[in-house]
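Each remark here refers to the structure printed beneath this line.
There are 2 protein chains.
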Amino acid sequence: MLKKIEVFNENDFDPKRFKRLIVHESPYFKILNFNFKAGQELPIHSHDIDGQLSITILEGTGAFLGKDNARIPAAPGDVLVSDINEPHGISAETDLRVLVTIAPPI
Amino acid sequence: MLKKIEVFNENDFDPKRFKRLIVHESPYFKILNFNFKAGQELPIHSHDIDGQLSITILEGTGAFLGKDNARIPAAPGDVLVSDINEPHGISAETDLRVLVTIAPPI
């Protein structure tokens with residue numbers, strides 16, 4: 029099967045809270061899109077399981093969040109890779125669209 | 029560990045052939061960036077193994093390629109999901125940057 033998801037058309041923004049779209053879920057990986065209005069964030073968190081995730085910036089700017097208040101600049105085309113059990117998060121400076129891929133899926 | 033890769037800065041274009049950058053490789057997934065000049069393509073292909081891949085359009089336009097000469101329009105923010113053993117490819121109309129994630133890694 030080939031499945032196309034137009035992330036820019038299938039998810040929008042919510043002034044109250046970031047908006048999440050499940051792009052794909054299978055035994056191999058899970059793909060999510062998060063849209064943040066400027067100022068919104070996904071607070072730093074982690075899960076105590078094996079695996080890794082990537083966060084890809086599709087549009088907008090902000091910061092990847094890490095432990096000890098780390099803020100790593102995030103711009104279009106940037107990819108952050110993290111272990112799932114490592115604290116990570118993201119904060120939006122402008123309206124921001126990101127794609128998160130988690131393997132294995134959780 | 030948190031690892032950031034600035035795909036737009038770490039890979040460029042080659043007028044002779046698409047350029048490939050290994051963004052990340054681990055037991056969980058493999059992430060690659062391909063940059064295509066307008067007119068270049070990754071011809072349709074498949075591998076006879078289990079797993080899935082995603083192709084995310086970071087910049088530019090083109091077409092995802094499928095069997096029977098299928099051409100599925102590809103624009104920024106579009107994500108194509110394919111089984112690894114299903115024929116797939118990509119063709120660039122403009123200069124095109126894509127991110128490919130393969131799980132499990134091959």
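Protein chains in written order, with our numbering: chain Y, 29 to 134; chain X, 29 to 134. Every residue, glycine too, gets a C-beta built ideally from N, C-alpha and C.
For residue i, the first and last residue of its enclosing alpha helix (DSSP H)
i, result
"Asn63 (chain Y)", "It is not in any alpha helix (DSSP H) - Asn63 (chain Y) instead sits in the beta strand (DSSP E) that spans Lys58 to Phe64."
Beta-ladder partner(s) of residue i, from DSSP
i, result
"Arg99 (chain X)", "X:Leu93"
Below-7 Å beta-carbon distance, residue i vs any chain X residue
i, result
"His52 (chain Y)", "yes"
"Lys31 (chain Y)", "yes"
"Leu70 (chain Y)", "no"
"Ala178 (chain Y)", "Examination of residue 178 (chain Y) is not possible in this model, given that chain Y is present from 29 through 134 alone."
"Gly105 (chain Y)", "yes"
"Leu108 (chain Y)", "yes"
"Glu34 (chain Y)", "yes"
"Gly79 (chain Y)", "yes"
"Leu86 (chain Y)", "yes"
"Gly67 (chain Y)", "no"
Exposure label - residue i; buried when at least 16 CB within 10 Å
i, result
"Lys44 (chain Y)", "exposed"
"Arg99 (chain Y)", "exposed"
"His75 (chain Y)", "exposed"
"Asp96 (chain Y)", "exposed"
"Ile77 (chain X)", "exposed"
"Asn63 (chain X)", "buried"
"Gly130 (chain Y)", "For the record, residue 130 (chain Y) in the displayed sequence is Ile; it is not Gly. By the neighbour-count rule (16 or more Cβ atoms within 10 Å), Ile130 (chain Y) is buried."
"Gly88 (chain X)", "buried"
"Thr122 (chain Y)", "exposed"
"Asn39 (chain X)", "buried"
"Ile50 (chain Y)", "exposed"
"His73 (chain X)", "exposed"
Under the three-state DSSP convention, the category residue i falls into
i, result
"Glu34 (chain X)", "strand"
"Gln80 (chain X)", "strand"
"Pro71 (chain X)", "strand"
"Ile134 (chain X)", "coil"
Run of the beta strand (DSSP E) containing residue i, from where it starts to where it stops
i, result
"Lys47 (chain Y)", "Lys47 to Glu53"
"His116 (chain Y)", "His116 to Ala120"
"Asp111 (chain X)", "Asp106 to Asp111"
"Ile130 (chain X)", "Leu124 to Ala131"
Neighbour flag for residue i against chain Y, beta carbons, 7 Å
i, result
"Ile118 (chain X)", "no"
"Glu121 (chain X)", "no"
"Ile100 (chain X)", "yes"
"Ile59 (chain X)", "yes"
"Val126 (chain X)", "no"
"Ser74 (chain X)", "no"
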